[in-house]
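First the structure, in the form of structure tokens, and then the observations on it.
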Amino acid sequence: MKDIVIACVGKPSAGKSSFLNAVTDATAKVGNYPFTTIKPNNGIAYFPIECPCKRFDKTKLCAPRYGRCIDGKRYVPIQILDVAGLVPGASEGQGLGNQFLDDLRHANALIHVVDVSGTTDANGKETVGYDPIGDIEWLRGEIHSWIFGNLNKRWSQIVRRHVAVKASTAETLHNQFSGYGATLSLVQKSLDRSGVKEPMDTWEKETITKIVDAFLEERFPTVIALNKIDLPDSDKNISKIMRKYDQNKIVLSSALAETFLRKLHKQKFIQYEEGTDNVQTKEDLPDSDLKPLDDKLQNRIEKVQDLVLYRYGSTGVQDVILKAVEVLGLVPAFPVKSLTTFANTNGKGVFRDCVLIWPGTTVLEFADIVHPEIAKHYLGAETIGNRKIGEDDVITQENNIICFKTSQATHSSAAGGPANTNTNSTSGGQTAKK
Ligand SMILES: Nc1nc2c(ncn2[C@@H]2O[C@H](COP(=O)(O)OP(=O)(O)O)[C@@H](O)[C@H]2O)c(=O)[nH]1
Ligand SMILES: [Mg+2]
Numbered sequence: 001m002k003d004i005v006i007a008c009v010g011k012p013s014a015g016k017s018s019f020l021n022a023v024t025d026a027t028a029k030v031g032n033y034p035f036t037t038i039k040p041n042n043g044i045a046y047f048p049i050e051c052p053c054k055r056f057d058k059t060k061l062c063a064p065r066y067g068r069c070i071d072g073k074r075y076v077p078i079q080i081l082d083v084a085g086l087v088p089g090a091s092e093g094q095g096l097g098n099q100f101l102d103d104l105r106h107a108n109a110l111i112h113v114v115d116v117s118g119t120t121d122a123n124g125k126e127t128v129g130y131d132p133i134g135d136i137e138w139l140r141g142e143i144h145s146w147i148f149g150n151l152n153k154r155w156s157q158i159v160r161r162h163v164a165v166k167a168s169t170a171e172t173l174h175n176q177f178s179g180y181g182a183t184l185s186l187v188q189k190s191l192d193r194s195g196v197k198e199p200m201d202t203w204e205k206e207t208i209t210k211i212v213d214a215f216l217e218e219r220f221p222t223v224i225a226l227n228k229i230d231l232p233d234s235d236k237n238i239s240k241i242m243r244k245y246d247q248n249k250i251v252l253s254s255a256l257a258e259t260f261l262r263k264l265h266k267q268k269f270i271q272y273e274e275g276t277d278n279v280q281t282k283e284d285l286p287d288s289d290l291k292p293l294d295d296k297l298q299n300r301i302e303k304v305q306d307l308v309l310y311r312y313g314s315t316g317v318q319d320v321i322l323k324a325v326e327v328l329g330l331v332p333a334f335p336v337k338s339l340t341t342f343a344n345t346n347g348k349g350v351f352r353d354c355v356l357i358w359p360g361t362t363v364l365e366f367a368d369i370v371h372p373e374i375a376k377h378y379l380g381a382e383t384i385g386n387r388k389i390g391e392d393d394v395i396t397q398e399n400n401i402i403c404f405k406t407s408q409a410t411h412s413s414a415a416g417g418p419a420n421t422n423t424n425s426t427s428g429g430q431t432a433k434k
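Everything in the sequence shown is counted per UniProt numbering, starting at 1 for the first residue and increasing by one.
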């Protein structure tokens, strides 16, 4: 079992920490999360999805074990990691060097925070008129050099062993890449993507480069957050970058604006709905308990509205999280005890659990994610309308509310309460595995 981890990377002063603070300090009061280890540079962000409680007219009963649900909008927690210390030359040991790169092993996807305003240079020092377009290539290149270097320096040994043990290319590469958290199937996908078919002992440096390229694509799906859009030069830099890169992977953001708005919301100066341009003050809501604004604060809010909210529709910070989960293709799945009440064993509310699972996860694999005991005693599974689903069926948005039948009582924590009947269905934890 593995938590979903999204890592914020980028040069110094791009806004990684600000971004992390902005997304993790949710105005939504959500205290609980399922993750086992929360390191100091970790935070929890909330990924909004449509909760099935709405569709089944049960919003009032919806009681997520983790995160929360507001009128059918469900906020599912995911881990965000602030990875500091990447400077030009990191792969050659500059700055924190490999220590930074080692952090990446835990990440499922990357958010590359780019200072699009041109006010910081390649090393993050203050400047004017810097062209940030190179920063995008640079980060990719830095990670590439790190992985390529590790492979290249032992290449002759790797090949000798490969030939001696008659391993497949994927097996040998898996040995080399498992340290980066890669499964055999991911390595196979990278190989397919690279198009390389020649035997390994004929590979040139260019072939290895190609392999590492493909591996990076598979292993580190990346969303580019063009940050600091509130600053004057951002506009022209944005259009330049948009022309060159896949617009599907680019999101515009202002971490500063988001932090500001969330703070004012918390202090009851404004009503602010995250992910929207919807800001309301005492003037808009005279009967509310909002505090009145002085001129200075009023001006600052108007500036954020003019420079960010009205121009871009939102601060973009929540869109970055949405996009990161989207590139991973994660599917929300709901293990339930009953397909009529959607409750779990102890009866405390409905749709208690929502698990983000990898695309391609089968019903039986999901059973194991929810609890290994369920997979062990697995008899079958059903979805809405008591429709039977096969153990090898892939879970999609269409069959993601699942009731498992087991041959004997599963562990009480797996069942969400004491399990003492012969045929058991189960709901449980909040982790996914790849
Ligand atoms: N104008 C503006 N400044 C920002 C934004 N995000 C971060 N900053 C500022 O950029 C500087 C560096 O931010 P920080 O989060 O520490 O960067 P990190 O080194 O990547 O973690 C700080 O002074 C932030 O206030 C933004 O969206 N707009
Ligand atoms: Mg920082």
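For each residue, glycine too, the CB sits at the ideal point set by N, CA and C.
When DSSP states are grouped into helix, strand and coil, His112 belongs to the strand group. Following the DSSP letters along the chain, one finds Asp82 inside the beta strand (DSSP E) bounded by residues Lys73 to Asp82. In the assembly as shown, Leu309 is a buried residue. Its beta-carbon has 16 or more other beta-carbons within 10 Å. One Cα belongs to Glu171, the other to Pro221, and the distance between them is close to 22 Å. Around the beta carbon of Gln157, fewer than 16 other beta carbons sit within 10 angstroms, so the residue counts as exposed.
In this structure, Val363 and Asp393 form a Cβ contact; the two beta carbons are roughly 5 Å apart against a cut-off of 8 Å. Here Cys8 is bridged, per DSSP, to Asp82 and Ile111. Separation of Ile402 and Pro64 (C-alpha to C-alpha, rounded to the nearest whole angstrom) is 16 Å. One alpha carbon belongs to Tyr378, the other to Phe366, and they sit about 11 Å apart. Contact annotation: the stretch 298-309 does not touch the stretch 317-327, with fewer than three C-beta pairs closer than 8 Å. In the DSSP assignment, Asn237 falls within the alpha helix (DSSP H) that extends over Ser234 to Lys244. DSSP places Val223 within a strand segment (E or B) once states are collapsed to three. Closest by C-alpha distance to Gln397, out of Gly72, Thr406, Glu50 and Asp57, is Glu50. Shown in chain order are the residues whose CB sits closer than 7 Å to a heavy atom of ligand 2: Lys16, Ser17, Asp82 and Ala84.
In the same chain as Asn123, and ignoring 5 residues on each side of it, the C-beta atoms closer than 8 Å to its own belong to Lys11, Pro12, Val87 and Pro88, in chain order.
Within the stretch 140-180, complete alpha helix (DSSP H) segments of at least 4 residues are found at 155-165 and 169-177, given in chain order. In the structure shown, the three-state DSSP call for Phe47 is strand. At a threshold of 7 Å, Ala333 does not count as near ligand 1, since its beta carbon sits no closer than that to any of the ligand's heavy atoms.
Setting aside the 5 residues that flank it on each side, Ile395 is surrounded in the same chain by Val331, Ala333, Ile357, Thr361, Thr362, Val363, Phe366 and Ile402, each with a C-beta closer than 8 Å to its C-beta; the list follows chain order. Only exposed fits Ile70, as fewer than 16 other CB atoms lie within 10 angstroms of its CB. Per DSSP, the continuous alpha helix (DSSP H) segment holding Pro372 begins and ends at Pro372 to Lys376.
Excluding five sequence positions before and after Ile147, the CB atoms of its chain that fall closer than 6 Å to its own CB belong to Val212, given in chain order. Between the stretch 290-299 and the stretch 263-278 there are three or more C-beta pairs closer than 8 Å, enough to call the two in contact. In the same chain as Ile143, and ignoring 5 residues on each side of it, the C-beta atoms closer than 8 Å to its own belong to Ser91, Leu101, Leu104, Leu216 and Phe220, in chain order. DSSP links Gly380 through a beta bridge to Lys405. With 16 or more neighbouring CB atoms inside 10 Å of its own CB, Gln79 falls in the buried class. Counting other Cβ atoms within 10 Å of its Cβ, Leu186 reaches 16 or more and is therefore classed as buried. For Pro335, the uninterrupted beta strand (DSSP E) run begins and ends at Val331 to Pro335, by DSSP. In the three-state scheme derived from DSSP, where H, G and I count as helix and E and B as strand, Ser338 is classed as coil. For Ile250, the secondary structure class from DSSP, reduced to helix, strand or coil, is strand. Burial state of Asn344 is buried, judged by a 10 Å Cβ sphere holding 16 or more other Cβ atoms. Excluding residues up to 5 positions away in sequence, Ile229 and Leu252 lie with their Cβ nearer than 7 Å to the Cβ of Tyr312 in the same chain.
Beta-bridge analysis with DSSP links Arg387 to Thr383. Beta-bridge partners assigned by DSSP to Asn42: Leu81. Straight-line spacing of the CA atoms in Ser168 and Glu258 works out to 49 Å. Bounds of the alpha helix (DSSP H) holding Leu256 are Ala255 to Lys266.
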